[in-house]
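Numbering (full-length UniProt numbering), first residue to last: 1 to 412. Below you'll find the structure, written out as structure tokens, and then a few comments.
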């Protein structure tokens, strides 16, 4: 993890993650202030968290290799732990010295055990941009205004930031414009990223329960950045009749730090006004997004180019509404589940959250600072997402490098 993002982790943030180091080889729960990674089991052993909960020891919970047990606790406990860490850092920082390692000396891990992953499509701009790329017309299907579209993803291929991404193998049309020419098998030729945000579920929603949008924040432990890598040529081939599978299931990268709703609360902004009314369970009198400044950089041959800068406040459907839609049919949510927003996009030329939009399906390559052109991702390319708010609150980076496809063998 890079120490370059210290400014994202001021005392107003207090994110949660899981880390290990040579001194502490067992992955365990941590927080971060600037470039100090604070191991929470040791913090608890110093009595700093005494009296916060009647549960059998926060120290034991924090020694686990995931945040699931902590995330499942009531929201007031999360808030009190956060306040205790902030107070100690302000008033008695010396107590933390033995609990701290520099960010450059730790290895970050997946922050939670993710049982299920659902990926929404919550951006009306993304829907319109993609329609224009594919059909030449900017159209939005009527059902998009009634509920947020979603599909079930794969949790087995969710990785933490910094994990390399292998170009997938699969079947695709030999010629997009002439599907009758048949299908070919081989490495993906049209590899893309998708700039997304994701909610990590805290307290679970029992099967059969109905969660209303206005109450959904109580079930969100926090928020991460998400790169839902996409093999566009494989994806197109499988869209009919059941939708994406191999084109989407090979890799999803999330940022290692979960940013709590307490940290995000000062940056709530009203969600965009909608032209069509929604069903009661999706209606939220205080419907809100967060003013998160999102950026995408592509690094090729050691040189970085910013290719996207868009704000999360443009999203048509909110995280609260996505959770409500997810549960209304009786589907439960478990602690650690990941609910992603889909691609975050605006309408400006540098507000496109994926390369399909940015390069108009590859027809208009984007000039990179190394002199090359970017249509879609090449082997060796590095994609880095960042998300920042203000006053020391941000997400750090969500980063991954493309590796060449594996060689297919009958013996595999």
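Note that beta-carbon positions come from the ideal geometry of N, C-alpha and C, so glycine has one too.
Scanning the stretch 143 to 183 from its first residue to its last, the whole beta strand (DSSP E) runs of 3-plus residues come out as 150 to 152, 158 to 160 and 169 to 173. Of 267, 172 and 373, the smallest CA-CA separation from residue 234 is found for 172. Between the alpha carbons of residue 7 and residue 388 lies a gap of roughly 9 Å. In the three-state reduction of the DSSP assignment, residue 113 falls in the coil class. Nearest to residue 29 by alpha-carbon distance, out of 36, 23, 21 and 41, is 41. Sequence-distant partners of residue 26 (beyond 5 residues in either direction) whose C-beta falls short of 8 Å from its own C-beta, in its chain, are 20, 63 and 65. Contact between residue 117 and residue 338 holds, with the beta-carbon distance rounding to 5 Å and staying under 8 Å.
Using a C-beta cut-off of 8 Å, the stretch 360 to 367 makes no contact with the stretch 308 to 322, since fewer than three inter-stretch Cβ pairs fall below that distance. Between residue 170 and residue 251, the alpha-carbon positions lie close to 14 Å from each other. Listed in chain order, the non-local C-beta contacts of residue 183 below 8 Å within the same chain comprise 171, 172, 173, 174 and 237, local neighbours out to five positions each way being set aside.
If you draw a straight line from the Cα of residue 108 to the Cα of residue 254, it comes to about 11 Å. With a cutoff of 8 Å on beta-carbon distance, residue 231 and residue 195 are scored as not near each other. Secondary structure at residue 105: helix, using DSSP grouped into helix, strand and coil. Residue burial is scored here from C-beta neighbours: residue 248 has at least 16 other C-beta atoms within 10 angstroms and is therefore classed as buried. Exclusion of the five residues before and after residue 133 leaves 356, 357, 360 and 361 as the residues of its chain whose Cβ lies within less than 7 Å of its Cβ. CA-to-CA, the gap between residue 403 and residue 187 works out to about 11 Å. In the structure shown, residue 307 falls within a strand segment according to DSSP collapsed to helix, strand and coil. Residues of the same chain with a CB within less than 6 Å of the CB of residue 37, apart from the 5 flanking positions on each side, are 19, 30, 101, 103 and 106 in chain order.
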